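A quick write-up on the structure given underneath.
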Amino acid sequence: MTMDQGRADRMAEYVASRVGRLQAGYRADRSDAVAALARLRRGIGRRPGEDIELFGLAFENPRTEDGDAGSLFDELSLRGDGITREEEAAFTAITLFAMHQQSRREASMHRGGYSFGRSARLLGRHSGNRDAVRRRFTALGTATTWDETVHHARGLIQQFRQHKIPLDYGQFARDLFDLRGDRAERVRTSWGRDFYRTHHPKDDAPDEGSPESDAITANDH
Numbered sequence: 606m607t608m609d610q611g612r613a614d615r616m617a618e619y620v621a622s623r624v625g626r627l628q629a630g631y632r633a634d635r636s637d638a639v640a641a642l643a644r645l646r647r648g649i650g651r652r653p654g655e656d657i658e659l660f661g662l663a664f665e666n667p668r669t670e671d672g673d674a675g676s677l678f679d680e681l682s683l684r685g686d687g688i689t690r691e692e693e694a695a696f697t698a699i700t701l702f703a704m705h706q707q708s709r710r711e712a713s714m715h716r717g718g719y720s721f722g723r724s725a726r727l728l729g730r731h732s733g734n735r736d737a738v739r740r741r742f743t744a745l746g747t748a749t750t751w752d753e754t755v756h757h758a759r760g761l762i763q764q765f766r767q768h769k770i771p772l773d774y775g776q777f778a779r780d781l782f783d784l785r786g787d788r789a790e791r792v793r794t795s796w797g798r799d800f801y802r803t804h805h806p807k808d809d810a811p812d813e814g815s816p817e818s819d820a821i822t823a824n825d826h
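Just remember that this note's numbering sits 605 ahead of the position in the sequence shown, which is counted from 1.
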């Protein structure tokens, strides 16, 4: 594993942890989580450094049991004056999650194992307009700029939210990071395979946190 891959893995773990806490708080109707997600939605399509409040909301952790505050920067030794690929990927994923979870207290929109390709395939099935989904998905896969990538991802995630289709935000953040490096082809190949594969019984798994989901998860390991 290269140093970049190791840093990207830690970034993805951070994103999964951060959105997991926000999701749990939102579903429990905690005022701090509700307010945080509302503010984070303002960051969609923006660069991490444009708003210091949003920067903090995305990247800080609650205090740990021993009293030390943790953050993305405790996991990564980030240097330099410019925004890094890790920061941009993490910020984009977290802000898009804030939109995805909006008004969905009955369901967890961040869920492990749901790659972008898998979620897009489910969208095609549930929306009844697979051709339109395939066109948007293809546009995402062939995007040549960061802004174009975020635009098409946002459009699909808005539809995921409408149809209550989850997405693995740790993996999504990692994919966004890799799309800007030498692993972009691997990301697009993985998404394509998941989009065009045949139906899998796990696609019908209930929302995480339910007794049925707990049983499925236990049987998967």
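Just so it is clear, CB atoms sit at the ideal spot from N, CA and C, and this is done for glycine as well. No experiment lies behind these values; they were computed from the predicted model shown.
Is the Cβ-Cβ distance between residue i and residue j less than 8 angstroms?
i, j, result
"Tyr774", "Phe696", "no"
"Phe782", "Gly722", "no"
"Arg644", "Leu662", "yes"
"Arg735", "Tyr631", "no"
"Asp637", "Gly648", "no"
"Val620", "Ile699", "yes"
"Leu627", "Ala640", "no"
"Leu784", "Thr747", "no"
Whole angstroms is fine: what's the gap from residue i's alpha carbon to residue j's?
i, j, result
"Arg612", "Phe742", "28 angstroms"
"Gln763", "His705", "6 angstroms"
"Gly625", "Arg716", "9 angstroms"
"Ala778", "Glu691", "8 angstroms"
"Asp614", "Arg651", "23 angstroms"
"Glu665", "Tyr719", "25 angstroms"
"Arg623", "Phe660", "13 angstroms"
"Glu750", "Arg793", "A small correction: the amino acid at residue 750 is Thr; Glu does not occupy that position in the sequence shown. So the two alpha carbons sit approximately 15 angstroms from each other."
"Arg668", "Ala633", "Because the pLDDT at Arg668 is just 45, under 50, the model does not fix this residue reliably, and the point stays unresolved."
"Arg646", "Arg798", "30 angstroms"
"Lys769", "Arg791", "27 angstroms"
"Trp796", "His757", "14 angstroms"
"Ala737", "Gln776", "24 angstroms"
"Gln610", "Gly654", "23 angstroms"
Taking the beta carbon of residue i as the centre, do at least 16 other beta carbons fall within 10 Å, making it buried, or is it exposed?
i, result
"Glu658", "exposed"
"Gln767", "exposed"
"Ala789", "exposed"
"Gly786", "exposed"
"Arg740", "exposed"
"Glu693", "buried"
"Ala617", "buried"
"Ser724", "buried"
"Asp780", "buried"
From the DSSP output, read off the bridge partner residues of residue i.
i, result
"His715", "Leu772"
"Glu658", "Glu658 pairs with nothing; no bridge assigned."
Below 8 angstroms on the Cβ atoms is my contact criterion, and I expect residue i with residue j to pass it. Report the Cβ-Cβ distance as a whole number of Å.
i, j, result
"Leu761", "Leu745", "7 angstroms"
"Ser830", "Pro771", "The displayed coordinates of the chain run from 606 to 826. Any statement about residue 830 would go beyond what the structure contains."
Give a yes or no on whether 8 angstroms exceeds the smallest Cβ distance from residue i to chain C.
i, result
"Leu745", "Considering every chain present, this structure includes no chain C. It has just one protein chain."
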